[in-house]
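Asker:
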Amino acid sequence: MMPADKKKRQAILAGGLFAVVIGLAIWDFSGPSASPSQPVRPRLDVSATQHSSARRGPSSALPSSFHLQFDRLARAERMDYSGDGHNLFGGPPVAIEAPAAPPRPASPVAPPVVTAVAKAEPTIDVKYAGFAESGSGNMNGLFMRGDDISVARSGDIIFHRFRVGSIQSGNAQLTDLVSNHSQRVIAAGAR
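To convert, note that position 188 of the sequence shown is 1524 in our numbering; the numbers rise steadily by one, no gaps.
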C-alpha cells in the first residue's frame, strides 16, 4: 500500500494536470479567432455581382467572398508566354575526354556446355491388389495408394491422377496423367 502523503501528492498532480487540460481546451475554443456569431466577410464588388446576377437571374447570386477583377483577367489573356532561350536544366556544354587507351578486344566466349541428363521416369506409387470379373466379362481392378483403395475398370481415372489401361490377372497398366508416364503395376502375390 502507498503512504497517505504519496497518494495526496498524486491526487494534487492529477488535479493540476486536469485543470491545465481544461484551460487549454477553453482557450483553444475561444481563442484569438473570430467568434462564430460575427463572421469576417471580404469586400464585395457590387458591380460584378449585379452584372453577373442580371445575366443569370435573381436566384443565382454570387457568393459573398467572390470578387472579379476583369482588368487582371484581360491582361493575363493578352500575355504572350515565350521563353528567352535560357535552358533551366542545362549548364554549359561539357567536353568529353578522349579515351586514354584503345578498347580491349572482345575475347571470344565459349557457349556453355549443355549435357543431356536422362531423367529417370518417376515410379507410380500405386499397388495392384487383384481383380474381379463382373457378370458381363469386364475385369475390375483393386488398386491401393497409401490408405486409399479404389476399384476401377479399364479407362477409369483413379486417385485423381492415374488412368487405368489394361487389367489382367497378374498386372495392370497405369498412366500418370501429370507426367504422361505409363507403367505396368504387378499384383502383390504375382512374380
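Glycine included, each C-beta is placed from N, C-alpha and C at the ideal position.
Going by DSSP, what residues sit across from K1463 in a beta bridge?
Answerer: For this step, residue 1463 is matched to residue 127 along the sequence shown. Checking the DSSP bridge columns, you'll see K1463 partnered with M1480.
Asker: For the candidate residues M1475, V1450, H1517, whose alpha-carbon lies nearest to that of Q1459?
Answerer: Numbered from its first residue, the sequence shown carries residue 1459 at position 123. Note on identity: in this sequence residue 1459 is Thr, with Gln being the wrong assignment. Closest by C-alpha distance to T1459, out of M1475, V1450, H1517, is H1517.
Asker: Could you give the C-beta distance for G1506 and I1494, rounded to a whole number, given that I count them as a contact under 8 angstroms?
Answerer: As a first step, residue 1506 must be located in the sequence shown, where it is residue number 170. As a first step, residue 1494 must be located in the sequence shown, where it is residue number 158. Contact between G1506 and I1494 does not hold, since the beta-carbon distance rounds to 19 angstroms and is not under 8 angstroms.
Asker: Apart from the five residues on each side of it in sequence, which residues of its chain come closer than 8 angstroms, Cβ to Cβ, to W1363?
Answerer: Numbered from 1 along the sequence shown, position 27 holds the residue referred to as residue 1363. Correct list: empty, nothing qualifies.
Asker: The alpha helix (DSSP H) with I1503 in it runs from where to where?
Answerer: Counting from 1 along the sequence shown, the entry for residue 1503 is found at position 167. Taken as a continuous stretch (DSSP letters only), I1503 belongs to no alpha helix (DSSP H), being part of the beta strand (DSSP E) at 1498-1503.
Asker: Find out if the Cβ-Cβ distance for the pair R1497, L1513 is shorter than 8 angstroms.
Answerer: Numbered from its first residue, the sequence shown carries residue 1497 at position 161. Numbered from its first residue, the sequence shown carries residue 1513 at position 177. Result yes, Cβ atoms of R1497 and L1513 sit closer than 8 angstroms.
Asker: How many whole angstroms separate the CB atoms of N1476 and A1488, which I take to be in contact at a CB cut-off of 8 angstroms?
Answerer: Position 140 of the sequence shown, counting from 1, holds the residue named residue 1476. Position 152 of the sequence shown, counting from 1, holds the residue named residue 1488. So it is a contact: roughly 7 angstroms between Cβ atoms.
Asker: If we ignore side chains and look at the alpha-carbon of each, how far apart do R1414 and P1428 end up?
Answerer: For the purposes of this step, residue 1414 is taken as residue 78 along the sequence shown, with counting starting at 1. For the purposes of this step, residue 1428 is taken as residue 92 along the sequence shown, with counting starting at 1. Going by C-alpha positions, R1414 is about 34 angstroms away from P1428.
Asker: Taking the C-alpha atoms as reference points, what is the distance between S1470 and L1510?
Answerer: To locate residue 1470, count along the sequence shown from 1; it is residue 134. To locate residue 1510, count along the sequence shown from 1; it is residue 174. Distance between the alpha carbons of S1470 and L1510 is about 20 angstroms.
Asker: Between G1473 and R1481, what straight-line distance do the alpha-carbon atoms span, to the nearest angstrom?
Answerer: Indexing the sequence shown from 1 puts residue 1473 at position 137. Indexing the sequence shown from 1 puts residue 1481 at position 145. Rounded to whole angstroms, G1473 to R1481 spans 26 angstroms at the Cα level.
Asker: With distances taken between CB atoms, is the gap from K1455 to A1524 smaller than 8 angstroms?
Answerer: Position 119 of the sequence shown, counting from 1, holds the residue named residue 1455. Position 188 of the sequence shown, counting from 1, holds the residue named residue 1524. No.
Asker: Alpha carbon to alpha carbon, how far is E1457 from V1449? Give it in angstroms, no decimals.
Answerer: Stepping through the sequence shown from its first residue, residue 1449 is reached at position 113. Stepping through the sequence shown from its first residue, residue 1457 is reached at position 121. Computed Cα separation, rounded: 24 angstroms.
Asker: Do you know how far the Cα of K1343 is from the Cα of A1350?
Answerer: The residue given as residue 1350 occupies position 14 in the sequence shown. The residue given as residue 1343 occupies position 7 in the sequence shown. So the alpha carbons of these two residues sit roughly 10 angstroms apart.
Asker: Could you name the residues of the same chain whose beta carbon sits closer than 8 angstroms to that of S1502, not counting the 5 residues immediately before and after it, in chain order?
Answerer: Within the sequence shown, residue 1502 is the residue found at index 166, counting from 1. Hits under 8 angstroms: S1490, A1508, Q1509.
Asker: By a C-beta neighbour count over all protein chains shown, 10 Å radius and 16 as the cutoff for buried, is V1500 buried or exposed?
Answerer: For this step, residue 1500 is matched to residue 164 along the sequence shown. It counts as buried.
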